[in-house]
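Protein chains in written order, with this note's numbering: chain U, 1 to 115; chain S, 1001 to 1114. Scroll down for the structure; my scribbles are underneath it.
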Amino acid sequence: DAGVTQSPTHLIKTRGQQVTLRCSPKSGHDTVSWYQQALGQGPQFIFQYYEEEERQRGNFPDRFSGHQFPNYSSELNVNALLLGDSALYLCASSLGSGGNTGELFFGEGSRLTVL
Amino acid sequence: AQSVAQPEDQVNVAEGNPLTVKCTYSVSGNPYLFWYVQYPNRGLQFLLKYITGDNLVKGSYGFEAEFNKSQTSFHLKKPSALVSDSALYFCAVRDMAKDYKLSFGAGTTVTVRA
């Protein structure tokens, strides 16, 4: 049973560039959430996608956007990168309805470094 | 707004001794509470959750946690710690009536010495 997979695992960008991160949810899951984990901090909620729509959003600027595809996979896009965007980006999957008891299953993350 | 506090940045114990990692939460409605563990440069692994029912919940790797509504706490415990339990532990809360998101604490680094 494949767990949550994320790509790329590491990437380096420069300020002002754009980045796209990808996530495939755990088999059977239909909901994808994205979190940002800065060094030494707990994960911060960016947004959640369910049925190809953004269902809830955290306190992140519009530079952060996402998408969910019909196969439930998801992308996180960040435009106009800032140094402060350097972090581990975590994707988590879950069941969006019926049978949802709340726990998230996380991928290994994508480590973004902005220079 | 929901939030989690983990009052200890670090916990150090000797192998074989009991391990406790503290967590308090704030939520307006009924909480769903979770513990996750993170190893260096890895994602988060689910340990256990409290949804309803028995206040003592048991999870993976011999961990358990006790839900205390009056103290708004959800402390993680293990009767006998192992060196391999050394990792970063996160407590998280979700207000099931209002939110889809999990709100995480800042984390507690556990070091178990041989």
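Ideal placement from N, C-alpha and C gives every residue a C-beta, glycine not left out. Since the structure is predicted, the reported quantities are computational estimates derived from the model, not experimental observations.
The C-beta of S:Pro1040 has fewer than 16 other C-beta atoms within 10 Å across all chains shown, which makes the residue exposed. At least one CB atom of chain U sits nearer than 7 Å to the CB of S:Leu1044. In chain order, Phe1034, Tyr1036, Leu1044, Phe1046, Ala1092 and Leu1102 make up the part of chain S whose C-beta sits under 9 Å from the C-beta of U:Leu104. For the 7 Å CB-CB criterion, S:Val1011 and S:Val1021 form a contact. Within chain U, Gln56 have C-beta atoms less than 8 Å from the C-beta of S:Asp1099, given in sequence order.
Residues of the segment 82-97 of chain U with a Cβ closer than 7 Å to any Cβ of chain S, in chain order: Leu90.
Distances from the CA of S:Val1093 to each of S:Thr1072, S:Gly1053 and S:Leu1082 were compared; the closest alpha carbon is that of S:Thr1072. Between S:Ser1084 and S:Val1110, the gap from beta carbon to beta carbon reaches 7 Å or more. Separation of the CB atoms of S:Asp1099 and S:Pro1031 is rounded to 10 Å, and the pair is thereby denied contact status at 8 Å. S:Asn1017 and U:Gln56 have their alpha carbons spaced roughly 42 Å apart. Inclusion of U:Gln18 and U:Tyr49 in the CB contact set at 7 Å is not warranted, their separation being larger than that value. Not a single CB atom of chain S sits nearer than 7 Å to the CB of U:Pro25.
Burial state of S:Tyr1061 is exposed, judged by a 10 Å Cβ sphere holding fewer than 16 other Cβ atoms. Residue environment for U:Pro70: exposed (fewer than 16 other C-beta atoms within 10 angstroms of its C-beta).
Sequence-distant Cβ neighbours of S:Ala1097 in its own chain, meaning closer than 7 Å and more than five residues away, are Gly1029 and Asn1030. Residues of the segment 41-54 of chain U with a Cβ closer than 7 Å to any Cβ of chain S, in chain order: Gln41, Gly42, Pro43, Phe45 and Gln48. By the CB criterion at 7 Å, S:Cys1023 and S:Gln1006 fall inside the cutoff.
With 16 or more neighbouring CB atoms inside 10 Å of its own CB, U:Leu21 falls in the buried class.
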